[in-house]
Amino acid sequence: MRILFIGDIVGGSGRRAVKTQLPELKRKYDPAFIVVNGENAAGGRGITAQIAKELFELGVHGITMGNHTWDNKDIFNFIEEEARIVRPANYPPGTPGEGMTILKNKAGKELAIVNLMGRTFLPPLDCPFQTIDSILDKLKKKQKHIFVDFHAEATSEKIAMGWHLDGKVSAVVGTHTHVQTHDERILPQGTGYVTDVGMTGARDGVLGMEREAVLQKFKTQLPIRFTADEGKWQLHAVVIDLDAGSGMAKKIELVRRFETEMIFE
Ligand SMILES: [Fe+2]
Ligand SMILES: [Fe+2]
C-alpha cells in the first residue's frame, strides 16, 4: 500500500502546487492514500471549509494540522463533522475535533492517521509520547497501517518519536519546520521515517511567507504581520510503500518539485 504525503501547504501558492501537480503525481505514484498537512493552507494561517473541500475534490483522503489549526476561525464550524481532518491528538481533553481517524479509500483499504505536536519551542500540550501510546492501545493491533504526522520544531524530539514508534506504526513523518530533511530511512523495526517532509508553497519567500515582511521583522524587531507569499511554488512530499502483510514500510522516497524549470541541482 502506497501513501503520498504532502508537507505543509502554505497559502495560494501551495494550493496551486497541489492542484497542478496532483494529477501527475497520482499517475506516477498511484498512491492508495493521499494525505496532506493543511495547517497553513488559508493564507498561511489555518484552513477553511472551502479549502478543505477543494483538497478533497482533488483526491486528498485526509488532512493533518498543527500549531496553526485554530488560526482561521472557520475551523470551528466544521472540524467536529469532518472526520477526514485531524488536529494534534495531544491537545487537552475536550478540544474540538479528533487527533486520530481511520481513512477508507474506494478500494476499501484502511489507513489510520494520527497528528501529534511536539512540546519543544511550541505550546506545552499533553505528552505526545503518552498520547500516541494510548491511541495505539485503543487501536489494539486492529489497524495494521498507521501513519503519524509529528508536527514539531526540534529535530531531536522528532527523531526520539521515530525511535519510540519504531516497529509500532507504519510511518512517522515530521512537519512544521517547512524545510525538508534528507534523513529519510526505514528504521530497524520497519517504521518509515523522515524528520521533516518540508513545505509546499512559495519558494522565494521565507517558509512560505512574504520575505520582505519577515526581513523587516528580523531587522527591526517590531511586530509585523506576515502574509503568504504568492510567488512561484515548490512542492515537498514523501512517498512511502507499506507491506500489505506486516503493515511496515518497505520503501521511503522524498519528492521535490518546483514551478520554475530553471533549477539546476
Ligand atoms: Fe506549517
Ligand atoms: Fe506548524
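Heads up: the sequence shown at position 149 corresponds to 149 in my numbering, and the numbers run straight through without jumps. Every residue, glycine too, gets a C-beta built ideally from N, C-alpha and C.
{"Check": "Residues around ligand 2, please: the condition is that the C-beta lies closer than 5 Å to some non-hydrogen atom of it.", "Outcome": "G66, N67, H176"}
{"Check": "Check whether the Cβ of E157 sits closer than 6 Å to any heavy atom of ligand 1, and report yes or no.", "Outcome": "no"}
{"Check": "Taking 6 Å as the cut-off, does the CB of E39 come closer than this to any heavy atom belonging to ligand 1?", "Outcome": "yes"}
{"Check": "Grouping DSSP H, G and I as helix and E and B as strand, with all else coil, what is Q189?", "Outcome": "coil"}
{"Check": "Can you determine whether any heavy atom of ligand 1 sits closer than 6 Å to the C-beta of D229, and answer yes or no?", "Outcome": "no"}
{"Check": "In whole angstroms, give me the CA-to-CA distance for P88 and I132.", "Outcome": "11 Å"}
{"Check": "Assign F218 to one of two classes, buried (16 or more other C-beta atoms within 10 Å of its C-beta) or exposed (fewer than that).", "Outcome": "exposed"}
{"Check": "May I have the straight-line CA-CA distance separating G11 from H178, to the nearest angstrom?", "Outcome": "13 Å"}
{"Check": "What first and last residue would you give for the alpha helix (DSSP H) that runs through M248?", "Outcome": "Premise fails: M248 is in no alpha helix (DSSP H) and is neither H nor E."}
{"Check": "Ignoring anything shorter than 3 residues or poking outside the region 80-130, list the beta strand (DSSP E) runs there in chain order.", "Outcome": "100-104, 110-117"}
{"Check": "Going by DSSP, which residues form a beta bridge with D149?", "Outcome": "N115, V173"}
{"Check": "Can you confirm whether the region 184-199 touches the region 163-173 when touching is taken to mean that 3 or more C-beta pairs between the two stretches lie within less than 8 Å?", "Outcome": "yes"}
{"Check": "What would DSSP say about G201, mapped onto helix, strand or coil?", "Outcome": "strand"}
{"Check": "Taking 6 Å as the line, does the beta carbon of A137 fall inside it for any heavy atom of ligand 1?", "Outcome": "It should be pointed out that residue 137 corresponds to Asp in this sequence rather than to Ala. Not under cutoff, so the answer is no."}
{"Check": "Would you kindly work out how many angstroms separate the C-alpha atoms of L207 and P96, rounded to a whole number?", "Outcome": "28 Å"}
{"Check": "Run through DSSP, which three-state label would K258 get?", "Outcome": "Contrary to the premise, residue 258 reads as Phe rather than Lys in this sequence. Of the three classes helix, strand and coil, the one that applies to F258 here is strand, per DSSP."}
{"Check": "Is T155 helix, strand or coil by DSSP?", "Outcome": "helix"}
{"Check": "Using the Cβ count rule (16 or more neighbours within 10 Å means buried), how would you classify D229?", "Outcome": "buried"}
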